[in-house]
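Under my numbering, residues 9 to 190 are what the sequence shown spells out, in order.
As structure tokens, the structure follows; a few thoughts come after it.
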Amino acid sequence: MGWMILAALLLVVLDGIGMYNSLVRLRASGDSAWADIDVQLKRRYDLIPNLVETVKAYAAHEKGALEAVINARAKAMSAHGPQDKAAAENQLSQSLKSLFALAEAYPQLRAVEAFNQLQASLNQIEDALQNARRYYNAVVRDYNAKTQEVPTNVIAGWFHFTGRQFFELTETSQREPPKVQF
Numbered sequence: 009m010g011w012m013i014l015a016a017l018l019l020v021v022l023d024g025i026g027m028y029n030s031l032v033r034l035r036a037s038g039d040s041a042w043a044d045i046d047v048q049l050k051r052r053y054d055l056i057p058n059l060v061e062t063v064k065a066y067a068a069h070e071k072g073a074l075e076a077v078i079n080a081r082a083k084a085m086s087a088h089g090p091q092d093k094a095a096a097e098n099q100l101s102q103s104l105k106s107l108f109a110l111a112e113a114y115p116q117l118r119a120v121e122a123f124n125q126l127q128a129s130l131n132q133i134e135d136a137l138q139n140a141r142r143y144y145n146a147v148v149r150d151y152n153a154k155t156q157e158v159p160t161n162v163i164a165g166w167f168h169f170t171g172r173q174f175f176e177l178t179e180t181s182q183r184e185p186p187k188v189q190f
């Protein structure tokens, strides 16, 4: 009888360890997914000054649109956490759309190969960023569900595994990468 109690207790402990480890794995995956988003955002931030300089050479009197992109980039780079980062990214995407709309008015700019290459690079980065966001949100979904499932929620509570925020764009128009058409 004593062996059965000891065996049952051992199973409970091993199950608790398994639940704890699954939470740790999901939390680490979330951290990694967030880092992937940061990498894509850094690529985007690095590309934007080149894009602005190219446009500036052909549309120097459009100072307001160019400054809006620069300011939105700075704000996005300094934002922290999914909610603040998403709001800043919304603003940056809007200013980039304005920049590309501005380019429509300058046929000589549309003919510049460097500008076209920058646009293509930005589109690739936007696609990679969308994939990184999707992966991050999937990991957050799994992690949040795991922290709320019985009996894992007990382990999550004991060891302070708290829910994470999704990376959500607040405006539906921001859910798609900027469209660039000439």
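Ideal placement from N, C-alpha and C gives every residue a C-beta, glycine not left out.
Keep in mind it's a predicted model, so treat the numbers as computed, not measured.
Item                                                                                                                                                                    : Value
Indicate whether L107 and L55 have their beta-carbon atoms separated by less than 8 Å.                                                                                  : no
Specify whether the segment 28-39 and the segment 142-152 touch according to this definition: at least 3 beta carbon pairs, one from each stretch, less than 8 Å apart. : yes
In three-state DSSP terms, what is R142?                                                                                                                                : helix
Using three-state DSSP, classify F190 as helix, strand or coil.                                                                                                         : Its pLDDT being 37, under 50, F190 is placed unreliably by the model, and the measurement read from it follows with that caveat. In this structure, F190 counts as coil in the three-state DSSP scheme.
Out of curiosity, what's the CA-to-CA distance linking N58 and Y66?                                                                                                     : 13 Å
Between the Cα of A41 and those of G171, V147, E176, Q156, spot the shortest distance and give me the residue it belongs to.                                            : V147
Mapping the DSSP letters down to three states, classify R52 as helix, strand or coil.                                                                                   : helix
From Q116 to E70, what does the alpha carbon distance come to, in whole angstroms?                                                                                      : 15 Å
Taking the alpha carbon of G24 as the point to measure from, which residue in Y144, A76, F167 has its own alpha carbon closest?                                         : F167
Report yes if the CB atom of R52 is closer than 8 Å to the CB atom of L137, and no otherwise.                                                                           : yes
Under the assumption that I78 contacts A140 (Cβ atoms under 8 Å), give the Cβ distance between them as a whole number of angstroms.                                     : Rounded, the Cβ-Cβ distance is 24 Å, inconsistent with contact.
Measure how close the beta-carbons of R81 and F169 come, nearest whole angstrom, since I'm counting them as under 8 Å.                                                  : The Cβ separation is near 34 Å, so there is no contact.
Would A94 pass as a contact of E176 if the rule is Cβ separation under 8 Å?                                                                                             : yes
For L74 versus A84, is the C-beta spacing smaller than 8 Å?                                                                                                             : no
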